[in-house]
Every structure is written in structure tokens, then in C-alpha cells.
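In the UniProt record's numbering, the protein residues as written are 1 to 220.
Structural data, given as C-alpha cells:
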């Protein structure tokens with residue numbers, strides 16, 4: 001698809017969003033609270049966890065990488081290896097400083113964190129979703145089973161699709177969440193997909209988060 005300029009609506013939303021996005025991200029980085037808290041864990045077999053061999057390093061450089069895109073809201077996320085094809089809504093921070101995940105009663109929704117860049121822009125974009133709810137597995141239940149070099153597609157409202165290649169999948173304890181490492185801006189378009197993971201207790205829920213690290217490799 002040929003390159004196109006964002007609409008006036010997108011441009012105005014971009015201006016409003018950019019007034020203080022890095023202030024929000026600074027809060028996230030300093031507090032380590034950009035995590036998803038919800039999840040029921042009420043199943044005989046828990047969600048898959050990443051293998052230790054899937055640990056992320058800095059994104060590898062790749063010749064011929066596409067140029068960064070301009071701002072656009074997000075429409076859908078597709079992760080074929082785990083059969084995800086889900087609508088995406090915009091989410092911010094809740095009153096306690098956590099990323100406000102999509103409503104838990106809609107297990108099929110994912111959320112794009114508007115305090116960061118949009119997927120495909122220069123910088124690190126963030127998409128979150130539940131691992132499960134009271135009814136069963138949710139949109140990112142299989143996230144921990146992904147492998148390096150598999151791909152994630154993010155369909156944007158400007159009709160461009162940003163394609164990301166996974167270079168790491170890890171689980172981090174919520175009380176030791178490495179915000180600077182997860183959200184660092186390396187100067188190129190990257191994506192983080194986050195859900196709950198690790199151990200589970202009825203009192204505290206999941207004690208960690210599964211984080212997928214990916215970099216932009218194609219635009220359609």
C-alpha cells in the first residue's frame with residue numbers, strides 16, 4: 001500500500017497526545033507500575049510461560065528495515081502462532097498509576113497504551129491484554145508460548161499494517177519490573193506486548209508479567 005499522510009483527525013489527536021506523553025512514561029519508568037494486575041488464575045493448567053532461551057537482548061539491527069511511520073490510532077492486533085486476531089482499544093493509566101487494561105469481562109479485547117507512541121512510530125509502543133478471566137482464557141493466554149522470529153501484525157486506523165518480529169519473551173516479577181529496560185526508546189520502532197504471568201495466588205493474583213519484545217520489520 002502506498003504511503004499516505006495522516007488525516008486531520010489523526011493529526012489533532014497526535015498533537016493532544018504528545019503534549020505530555022513522556023511525562024506519563026517517566027512516571028511509568030520510575031514507579032514500575034505499567035503492568036496488568038487482573039487475571040483469575042482459576043484453571044487446572046496455567047498459561048504457558050516463556051522458555052529461558054527466549055530472553056531478550058537489545059533489538060538486533062537489520063538492513064533494509066522500514067522507515068518509521070507517523071502517528072495513527074490502532075485498530076487490531078494479529079498474532080497468528082497463537083491464533084490472536086483481536087480489536088484494540090485505547091487505554092491510559094488508572095487512578096493508581098497502572099496501565100488500565102481493557103474491561104475484564106470482554107476477553108477478546110487488547111489495549112494500546114496511549115502514553116507511549118503508536119505502533120510503527122519511532123520509539124516503543126505498548127499493547128496490553130488479559131491472560132484470563134472468570135470465564136476462561138483471554139486474548140493473550142498463549143503469549144508465553146511465542147518464540148523468537150515469529151511475527152506480530154498491528155493494523156492501524158490509517159490502513160497501514162505494522163509488522164513486528166519477536167526477538168525476546170520474558171517474565172518479570174511485578175515488584176521488580178525493569179521499566180527502563182522494557183520501555184527504553186532505542187531510536188527505532190519497537191513493540192511490547194504485555195499480559196499477566198508467573199505464579200498465582202488468590203490474594204494477590206499473578207505475581208509477574210509476560211513481556212514480548214519485538215521490532216518493526218515490515219509495513220503494508
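The beta-carbon is built from N, C-alpha and C at its ideal position, and this holds for glycine as well.
None of the values given here were measured: they were computed from a predicted structure.
- The C-beta of residue 201 has fewer than 16 other C-beta atoms within 10 Å across all chains shown, which makes the residue exposed.
- For residue 89, the pairing in a beta bridge is given by DSSP as 111.
- Relative to the Cα of residue 99, the nearest Cα in the group 126, 181, 85 belongs to 126.
- In this structure residue 136 does not touch residue 50 by the C-beta definition: roughly 21 Å separates them, more than the 8 Å allowed.
- Put simply, the segment 82–89 does not touch the segment 163–180. Fewer than three CB pairs are less than 8 Å apart.
- Under DSSP, residue 213 forms a beta bridge with 168, 192.
- When the Cα atoms are used, residue 199 and residue 46 turn out to be separated by approximately 9 Å.
- If you look at residue 180, you'll find it in the alpha helix (DSSP H) that goes 179–183.
- Residue pairing from DSSP places residue 218 in a beta bridge opposite 163.
- When secondary structure is reduced to three states using DSSP, residue 175 falls in the helix class.
- If you look at residue 123, you'll find it in the beta strand (DSSP E) that goes 123–129.
- Note on residue 214: 16 or more other CB atoms within 10 angstroms of its CB, so buried under the neighbour-count rule.
- Judged by their CB atoms, residue 128 and residue 138 are not nearer to each other than the 7 Å cut-off.
- Per the C-alpha coordinates, the member of 113, 79, 106, 163 positioned closest to residue 93 is 113.
- Beyond the five residues adjoining it in sequence on each side, residue 78 comes within less than 6 Å, by CB distance, of 85, 153 in the same chain, given in chain order.
- In the structure shown, residue 120 adopts coil according to DSSP, grouped into three states.
- With a threshold of 16 other beta carbon atoms within 10 Å, residue 220 falls short and is exposed.
- Between residue 165 and residue 217, the gap from beta carbon to beta carbon is short of 7 Å.
- Under the 10 Å beta carbon count, residue 64 is surrounded by fewer than 16 other beta carbons and is classified as exposed.
- For residue 122, same chain residues with a beta-carbon under 7 Å away, outside a window of 5 residues either side, are 68, 187, 188, 189 in chain order.
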